[in-house]
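Numbering (my numbering), first residue to last: -5 to 515.
Even glycine gets a Cβ: it sits at the ideal position worked out from N, Cα and C.
A quick write-up on the structure given underneath.
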């Protein structure tokens, strides 16, 4: 087993508006109610975590994790300009204390996209007084419980508007964003209703300037009171790779999206890195995989992408990295399990090379409200019943728990099988051909050998030998049974006439799976 350094944090990340529910005094809530709205559905009660936060913390602790990232909702703390709600501050203080009592390091985000409705009515971060207003709120929060925090994140993904300019989104999305803000301005009776997560292109740089000033003002408040408390912000980062010998487009994207923020991070104690995908560029622009419509969010999961983003961010900013978000969207939790394990192995490579990585906070604890996508996208380790709010941990929660409690990623398991047949070449070729649309596969008739390389989980080598077709599968413990099943069930289906059977034997002593034709009848 490859292990992580002492003191490494394992945790999960959440955001108030996405899980708490009924954040009615926020700008995002107001935008969700507009007609038209870029939000496909309103957040409503979300996961009811404002009421169920203690059971959420119990879940995190039960997974053996040692850190929990959550946001303080400015809109709850200051629902009206200049009026602070002590009960809301009490609530977040109780959450901090709840983390400490459960052995969880509290990682607090001061602004995770959402701001008060009144702040948006003042044009949000376009208002010259915005940094001062933000600092006033931060001072209230930090004075109450700052000494018990492990990390402070001022802003979540201030670079996201610039990143979305590179996402090749259909023009209708930008048109709908503009229509949403126009409707909100009219409803609120103001000239410019502005938010941090629905941004017009002409406002983008000025909003970034306002948030830069806001970050510095908030950090000054924290450092004045608690000089040793680490302060930083988090960046949305794609692993931008180059195909061919012309990196000019990739480099221009990096400059436009990350440049100013990586420069700003040099002043801080750490930088939060948030990664979900890898995108490829040549000298002409984005190179899309076959069948892909755009380079949109969650579109290109790749286990190496997190490590590459961490390495790049550290090389430019020169500060320690805290992975503040990383995950995979989709219903196939077996893929999520393998993705977590493989991604953390690549992260270990970066750590071993000397890059300071403070911890890994997975996005996210719960299937929740994913902004403009509503509840369609699922990234949680825990499923949530939309009616009862019952929480059901997925296998991925157990996988992350095993890594966290063991302080490392389990070694791969080797599983072998010999399928008795007098036509091994035929079945090897047929299997490789059939799975080629799902995995990287090949079969060589001359040598009688082939391979299956699974994107998130392992590799199988095939060989025609005396007596049949031999398999050697190497995979993570959490993935091995699924891959045995994929290979075996396809093979026995092809070989129904010959009554093929596949019995696997594993190197770790656990029971391998067995597939027979009769099981498919």
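- Here DSSP, grouped into helix, strand and coil, assigns residue 268 to strand.
- One alpha carbon belongs to residue 312, the other to residue 260, and they sit about 6 Å apart.
- Taking C-alpha positions only, residue 399 is separated from residue -5 by approximately 13 Å.
- Counting along the chain, residue 420 sits inside the alpha helix (DSSP H) bounded by residues 418 to 428.
- Non-local beta-carbon contacts of residue 374 in its own chain, meaning distances under 8 Å to residues more than five positions away in sequence, involve 358, 359, 360, 361, 362 and 388 in chain order.
- Of 12, 472 and 507, the smallest CA-CA separation from residue 393 is found for 472.
- Apart from sequence neighbours up to five positions away, the residues of its chain that approach residue 408 with a beta-carbon distance below 6 Å are 468 and 501, ordered along the chain.
- CA-CA distance, residue 241 to residue 298, rounds to 19 Å.
- For the segment 373 to 400, the full-length beta strand (DSSP E) segments reaching 3 residues or more read 376 to 378 and 385 to 387 along the chain.
- In the DSSP assignment, residue 99 is bridged to 61.
- Across the set 448, 2 and 442, the C-alpha of 448 shows the shortest separation from the C-alpha of residue 430.
- Around residue 466, the same chain offers 410 and 455 as residues with beta carbons nearer than 6 Å, after the five sequence neighbours per side are excluded.
- Taking C-beta atoms as the reference points, residue 10 and residue 72 fail to come closer than 9 Å.
- Listed in chain order, the non-local C-beta contacts of residue 277 below 7 Å within the same chain comprise 238, 240, 242 and 243, local neighbours out to five positions each way being set aside.
- DSSP places residue 506 in the uninterrupted beta strand (DSSP E) bounded by 505 to 510.
- Using a Cβ distance threshold of 9 Å, residue 424 and residue 488 count as a contacting pair.
- One thing to note: residue 396 has its Cβ no nearer than 9 Å to the Cβ of residue 461.
- With respect to residue 41, residue 76 sits apart: the two C-beta atoms are not nearer than 9 Å.
- A direct Cα-Cα distance of roughly 17 Å separates residue 222 from residue 103.
- Here residue 390 has 327, 330, 331 and 375 as same chain residues with Cβ atoms under 6 Å from its own Cβ, once five neighbours each way along the sequence are excluded.
- DSSP, reduced to helix, strand and coil, places residue 369 outside both helices and strands of the structure shown, so it counts as coil.
- Beta-bridge analysis with DSSP links residue 110 to 20.
- Contact check between the segment 196 to 207 and the segment 165 to 174: fewer than three CB pairs, one atom from each, fall below 8 Å, which does not count as touching.
- The beta carbon of residue 510 sits closer than 7 Å to the beta carbons of 486 and 495 from its chain, once the five residues preceding and following it are set aside; these are given in chain order.
- Excluding sequence positions up to five before and after residue 115, its CB lies within less than 7 Å of the CB of 182, 184 and 187, all in the same chain and listed in chain order.
- Look at residue 227 here: in three-state DSSP terms it is strand.
- Beta-carbon to beta-carbon, residue 296 and residue 403 are separated by about 17 Å, too far to satisfy the 8 Å threshold.
- Assignment of alpha helix (DSSP H) within the segment 105 to 189, counting only whole runs of 4 or more residues, yields 111 to 115, 124 to 139, 154 to 158 and 165 to 182 in chain order.
- Residue 30 counts as exposed, since fewer than 16 other beta carbons sit within 10 angstroms of its beta carbon.
- Taken through DSSP and simplified to helix, strand or coil, residue -4 comes out as strand.
- Within a 10 Å sphere around the beta-carbon of residue 406 sit 16 or more other beta-carbons, which makes this residue buried.
- In the structure shown, residue 470 adopts coil according to DSSP, grouped into three states.
- The criterion of a C-beta distance shorter than 9 Å is not satisfied by residue 342 and residue 24.
- By the criterion of a C-beta distance shorter than 6 Å, residue 106 is surrounded in its chain by 9, 65 and 150, once the five residues flanking it on both sides are discounted.
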